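Report on one structure; see the data block that follows.
Residue numbers (the working numbering), protein chains in the order written: chain G, 31 to 368; chain W, 31 to 368.
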């Protein structure tokens, strides 16, 4: 196949996130400035779904404020979430008078949106674009599993859906948006892979093969582990992360020394009882926006490969006996002193 | 706002569709070559959802065959559908070893996918891309309303979800893909608009204002009704189509003489009992792929403006009392004798 790696020349102009109580109480909680101080994760709304939408609105509003940009400076926004028909995004971003591209990439949506926003701005189609995504523990539990009031038991491989939204504003080189020092230089969209996993409580195992697939395609184009500081996946969690490292090792590439996962960073494994780690569109979106990209901006991380990982099943497809297809989209960020 | 119209230089290399019995029996049914001859609309599968996926697989396979291209010639595919978590696309396209961008634009997905595929190929990011979408009457009814066995009454404003899938292969100018004579020259992504419609049995009324919004933005950039042969909307149906014409007339632009709607073309209003006309992602995808684009290829239609129209609510958002947001994406096709 040709054209595997997309060459990009764009900048992260700003990034912001809004999170819930558990995320704010976690080990990197101090980096999230927007959260619901009531501790109820409702952000002043009367349903979990509306609360999720509100987080998207707050995150994009904050990203606009941080960049001193107006709505009219943003040519288009790319957004999606886990809710049926992606209503978290459709309602959350309704107040912004910005052309809207709806995405569905499950938990890979942050990477998919950043990639498309970067393509649009790198090639001069728009000066600036936004990418926004979200998830909410309570809206996801009742949609995918059972309402939280039911008190269902969680197996050790289950992950905890992050309550949070991340928003990114991406600008093209031509408009001088380099002030934050975070360049997007390459991307590679993932191919959907399905390896027979049917357990919806073990998404990490379903997503790990798709992640390895994208990473191996990327390395086959002359890239290597050694030239990057960090390879970070969206939400493979402890289970999927270990499987990814094993698959890569079997392929002759040891990524362990440079590998981490947003789902492993966001909660304290021992204290917060989140089993295999965080997941959901909001997991990688918030960790990238408020924890990792600032490290790229400061130069603490020079070259970062981000793999947004998504499990593309539905509750119905699982009930109909289908295995879980998954996808992993890759975006490369680099610190630039310019 | 800047950058309203996206300039494009790409070609429709091929387009194919697969449809159900009602669509094949309709007034333009002869143009659809792929359909389930058993009349059961299951395409050999045991659930409606799997049948919908199978239509996507068949449509893309046919489009590849028609173009004499291989999977490896396609740099990426853009796909989405109406099913929760877009499983119609994720499962239907699993056998294709092509990078996958998942979309959610409700019934605007065909236009959204064609637009993004055209951007990618016009700007040389990929040589060729595919856009695929689908809907199925039986999977949509039980997800959005009630299972068909329930026999629910339909109000006159209700539309009939098309059972069908359309697949498009879009190529860049640089790779010589001009043989079919259908150029994509411009596009404009829509802004999400919500005008207070809460009746999920009247999607046309919810989508008409968003459609007028995009069309007015387009005309404000120096374009006019007179210079095009046909303005076609995806699935406003009789109700929404009439509202669109009224809104446009109130804005001083009479589009009636050049306006039509895919949802009005696909069924016989008097004979087929489909009330306000067809709808669903598959409506505009199949009518464009197999009925309208061949007319552009032959030169019968020289300049066509296609507005993919999507209502972005979910059954849950309706139950929670929210009104229906909608979006309309515009793509311009032109006949080229080259």
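Glycine included, every Cβ here is placed at the ideal spot set by N, Cα and C.
What you are looking at is a predicted structure, and each value in this text was computed from that prediction instead of being measured.
Less than 8 Å between CB atoms is the rule here; does residue i satisfy it with respect to chain W?
| i | result |
| --- | --- |
| residue 98 (chain G) | no |
| residue 31 (chain G) | Low confidence applies to residue 31 (chain G): its pLDDT is 46, below 50, so where it sits in the model is not reliable, and the reading given next is rough at best. It does: the Cβ of residue 31 (chain G) has a partner Cβ on chain W nearer than 8 Å. |
| residue 73 (chain G) | no |
| residue 117 (chain G) | yes |
| residue 343 (chain G) | yes |
| residue 347 (chain G) | yes |
| residue 131 (chain G) | yes |
| residue 127 (chain G) | yes |
| residue 358 (chain G) | no |
| residue 192 (chain G) | no |
How many angstroms separate the CA atom of residue i from the CA atom of residue j?
| i | j | result |
| --- | --- | --- |
| residue 251 (chain G) | residue 170 (chain G) | 37 Å |
| residue 231 (chain W) | residue 73 (chain W) | 28 Å |
| residue 4 (chain G) | residue 187 (chain G) | Outside the modelled stretch of chain G, which goes from 31 to 368, sits residue 4 (chain G), for which no answer is possible. |
| residue 205 (chain G) | residue 141 (chain W) | 29 Å |
| residue 310 (chain G) | residue 357 (chain G) | 14 Å |
| residue 366 (chain W) | residue 274 (chain G) | 49 Å |
| residue 237 (chain G) | residue 352 (chain W) | 34 Å |
| residue 362 (chain W) | residue 256 (chain W) | 14 Å |
| residue 324 (chain G) | residue 335 (chain W) | 44 Å |
| residue 31 (chain G) | residue 354 (chain W) | Annotation note: pLDDT 46 at residue 31 (chain G) (below 50); position unreliable, no value reported. |
| residue 116 (chain W) | residue 79 (chain W) | 10 Å |
| residue 360 (chain W) | residue 271 (chain W) | 16 Å |
| residue 66 (chain W) | residue 54 (chain W) | 9 Å |
| residue 38 (chain W) | residue 216 (chain W) | 5 Å |
| residue 301 (chain G) | residue 269 (chain G) | 18 Å |
| residue 235 (chain G) | residue 244 (chain G) | 15 Å |
| residue 220 (chain G) | residue 184 (chain W) | 41 Å |
| residue 337 (chain W) | residue 322 (chain W) | 13 Å |
| residue 344 (chain W) | residue 114 (chain G) | 6 Å |
| residue 71 (chain G) | residue 314 (chain G) | 19 Å |
Output yes if chain G places a C-beta closer than 8 Å to the C-beta of residue i; else output no.
| i | result |
| --- | --- |
| residue 371 (chain W) | Because chain W in this structure spans residues 31 to 368, residue 371 (chain W) falls outside the shown range and cannot be described. |
| residue 263 (chain W) | no |
| residue 362 (chain W) | no |
| residue 350 (chain W) | yes |
| residue 80 (chain W) | yes |
| residue 77 (chain W) | yes |
| residue 142 (chain W) | yes |
Using a threshold of 8 Å, state whether the C-beta atoms of residue i and residue j are closer than that.
| i | j | result |
| --- | --- | --- |
| residue 110 (chain G) | residue 193 (chain G) | no |
| residue 292 (chain W) | residue 262 (chain W) | yes |
| residue 318 (chain G) | residue 307 (chain G) | no |
| residue 48 (chain G) | residue 88 (chain G) | yes |
| residue 137 (chain G) | residue 265 (chain G) | yes |
| residue 99 (chain G) | residue 227 (chain G) | no |
| residue 123 (chain W) | residue 223 (chain G) | no |
| residue 283 (chain G) | residue 249 (chain G) | yes |
| residue 288 (chain G) | residue 259 (chain G) | yes |
| residue 150 (chain W) | residue 126 (chain W) | no |
| residue 64 (chain G) | residue 92 (chain G) | yes |
| residue 35 (chain G) | residue 233 (chain G) | no |
| residue 297 (chain W) | residue 56 (chain W) | yes |
| residue 182 (chain W) | residue 161 (chain W) | no |
| residue 68 (chain W) | residue 190 (chain W) | no |
| residue 4 (chain W) | residue 350 (chain G) | What the structure shows of chain W is the stretch from 31 to 368, and residue 4 (chain W) is not part of that stretch, so it cannot be assessed. |
Residue i and residue j look like a contact to me (Cβ under 8 Å); what is the Cβ gap, rounded to whole Å?
| i | j | result |
| --- | --- | --- |
| residue 340 (chain W) | residue 118 (chain W) | The pair is not a contact, with the Cβ atoms about 15 Å apart (cut-off 8 Å). |
| residue 96 (chain W) | residue 44 (chain W) | 4 Å |
| residue 128 (chain G) | residue 155 (chain G) | About 14 Å; that fails the 8 Å criterion. |
| residue 242 (chain G) | residue 278 (chain G) | 6 Å |
| residue 90 (chain G) | residue 197 (chain G) | 4 Å |
Does residue i come out as helix, strand or coil in the three-state DSSP assignment?
| i | result |
| --- | --- |
| residue 31 (chain G) | Annotation note: pLDDT 46 at residue 31 (chain G) (below 50); position unreliable, coordinate value reported separately. It is coil, neither helix nor strand. |
| residue 323 (chain W) | helix |
| residue 227 (chain G) | coil |
| residue 290 (chain G) | strand |
| residue 179 (chain W) | helix |
| residue 37 (chain G) | strand |
| residue 269 (chain W) | helix |
| residue 213 (chain W) | strand |
| residue 241 (chain W) | helix |
| residue 352 (chain G) | coil |
| residue 111 (chain W) | strand |
| residue 122 (chain G) | helix |
| residue 195 (chain W) | strand |
Residues of chain C with a CB under 7 Å from the CB of residue i: which are they?
| i | result |
| --- | --- |
| residue 225 (chain G) | Among the chains of the structure shown, chain C does not appear; the protein chains present are G and W. |
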